[in-house]
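Report on one structure; see the data block that follows.
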Amino acid sequence: MFEDTRLTAYLILLKYYVIPRTRLRALISRILGKQEPTLQHMLANATIRWLSSTLSIHQFRAISSGQCDGNALLQNCPTLLEEKVTTETIVGESYRGHYLVKYPKPTHIVFYVYGGGFVSGSPGSVMPYLLQLSVELQARGFKADMFVAEYDLAPEYPYPGALRQVVSAYRYIASRNIPIILAGDSAGGNLCLGLLRHLIKPHPSIQPLIQTEGGLGRVVATCLNSPWVNLQNNGESYRQNANQDCLDKGALDRWRKAYLDGRPLDEYANPIDGIDGWKEILPKNTFLVAGDLELFVADIQKLAQNQNGYRNLEIHVEPKKGHVWSLVDFGGTQPGLPAARGGQDEDNVYSGIHLQADWIVNRCGV
Numbered sequence: 001m002f003e004d005t006r007l008t009a010y011l012i013l014l015k016y017y018v019i020p021r022t023r024l025r026a027l028i029s030r031i032l033g034k035q036e037p038t039l040q041h042m043l044a045n046a047t048i049r050w051l052s053s054t055l056s057i058h059q060f061r062a063i064s065s066g067q068c069d070g071n072a073l074l075q076n077c078p079t080l081l082e083e084k085v086t087t088e089t090i091v092g093e094s095y096r097g098h099y100l101v102k103y104p105k106p107t108h109i110v111f112y113v114y115g116g117g118f119v120s121g122s123p124g125s126v127m128p129y130l131l132q133l134s135v136e137l138q139a140r141g142f143k144a145d146m147f148v149a150e151y152d153l154a155p156e157y158p159y160p161g162a163l164r165q166v167v168s169a170y171r172y173i174a175s176r177n178i179p180i181i182l183a184g185d186s187a188g189g190n191l192c193l194g195l196l197r198h199l200i201k202p203h204p205s206i207q208p209l210i211q212t213e214g215g216l217g218r219v220v221a222t223c224l225n226s227p228w229v230n231l232q233n234n235g236e237s238y239r240q241n242a243n244q245d246c247l248d249k250g251a252l253d254r255w256r257k258a259y260l261d262g263r264p265l266d267e268y269a270n271p272i273d274g275i276d277g278w279k280e281i282l283p284k285n286t287f288l289v290a291g292d293l294e295l296f297v298a299d300i301q302k303l304a305q306n307q308n309g310y311r312n313l314e315i316h317v318e319p320k321k322g323h324v325w326s327l328v329d330f331g332g333t334q335p336g337l338p339a340a341r342g343g344q345d346e347d348n349v350y351s352g353i354h355l356q357a358d359w360i361v362n363r364c365g366v
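Under the UniProt record's numbering, think of the first position of the sequence shown as 1, with each following residue one higher.
Dropping the structure here:
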């Protein structure tokens, strides 16, 4: 009863204090001629920051872990239906996953790992976004299956449980012997980097991947949105962007504690510490996307600098945007037809999807 009352109080404060205050700030900035994010972006960031900083892990999970019917969403995407794509849920002995898009004859597979601080998130929370990405890829002549790996959440399932499940799902996908594009956001980006390291240097408590198993496919590219690369949460941009981003340092610290469950950080959980070995670990094409107002931006830039030009690594930092800005901007939009290209217009909810679709096709197109 107390938890329900507190949740109601926080939601009331959000509606009558946080959102009006954010609108006022946007208005004042516009009057003063300051360069600020769009009102939509500011409201989204303020809302997520408020909820993550005030709610318990389980309350935040209940609010933020979306549920969607992938097949129903697919019916709104006629260009994909014309290709006779299907959806499918896969349940293995040690993994779960969902094909949001499955072509009769794909050239690639996008293997996606969603974020949520390891304590929240679900395949449904990224389904609309990924379906629209599939629409944009198809419009560019690129036919890639879209597979989302599902994993259990902390604190119920602490580290390295999620990584173990992602590795198991990858083993299944790789057995199809089709080139893989590894993608993910936030904590999902962290898991992607952990997976890449495991492929070369197996985690001591996770079964190695033997490259001769069934003609395993290989990762040909990695595209990560705002990956959480430093779980110490002490990067240079934390203070600078504290009131700009959707993330809250206090919440991140709680989520890290729940995820690690007393275990020390290692190179699989904290990619920024893995200075050595990137030459062998990264695929030949890597794309890191961040926003210049997010808490993680300095850490992401530092990780990129640590690569020392080993591979074709590119980083894109979007001005006046926060954490996972392309997903935040697209939030609430339904997938459908290919969107008109509007360049990098800050009001274009498709700009982040266009950015990543163009990169994937340019680097992996056949």
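By construction, the Cβ of each residue, glycine as well, lies at the ideal position given by its N, Cα and C atoms.
Query, Result
"First through last residue of the beta strand (DSSP E) which encompasses Ala149", "144-150"
"Entirely enclosed alpha helix (DSSP H) segments - the segment 255-315, minimum 4 residues", "278-281, 297-306"
"Expected contact under 8 Å - CB spacing of Gly115 and Ser64 to nearest Å", "With a Cβ gap of about 10 Å, Gly115 and Ser64 do not count as contacting."
"Contacts around Pro123, its chain only, beta-carbon distance under 6 Å, and the 5 residues preceding and following it disregarded", "His98, Val148, Glu150"
"Presumed contact (8 Å Cβ cut-off) between Val219 and Leu182, rounded CB distance", "5 Å"
"Beta-bridge pairing of Ile180 - partner residues as DSSP gives them", "Ile109, Val219"
"Reduced DSSP secondary structure (H/G/I, E/B, other) of Thr38", "coil"
"Alpha-carbon to alpha-carbon, Arg171 and Gly214", "Unreliable placement is indicated for Gly214, whose pLDDT of 49 sits below 50; the coordinate value is still reported in the next sentence. Each residue's alpha carbon lies about 10 Å from the other."
"Residue 371 - partner residues in DSSP beta bridges", "Residue 371 falls outside the range modelled here, since the chain spans only 1 to 366, and no answer is possible."
"Contact between the segment 196-203 and the segment 76-92 (3+ Cβ pairs under 8 Å)", "no"
"Three-pair Cβ contact test at 8 Å for the segment 36-52 versus the segment 126-133", "no"
"Gly352, enclosing beta strand (DSSP E) - first and last residue", "Careful: Gly352 lies outside any beta strand (DSSP E), inside the alpha helix (DSSP H) at 351-364."
"Ile206 and Arg164 closer than 8 Å at C-beta", "yes"
"Beta-carbon proximity list for Cys223, same chain, < 7 Å, skipping 5 on both sides", "Ile181, Ala183, Phe287, Gln356, Trp359, Ile360"
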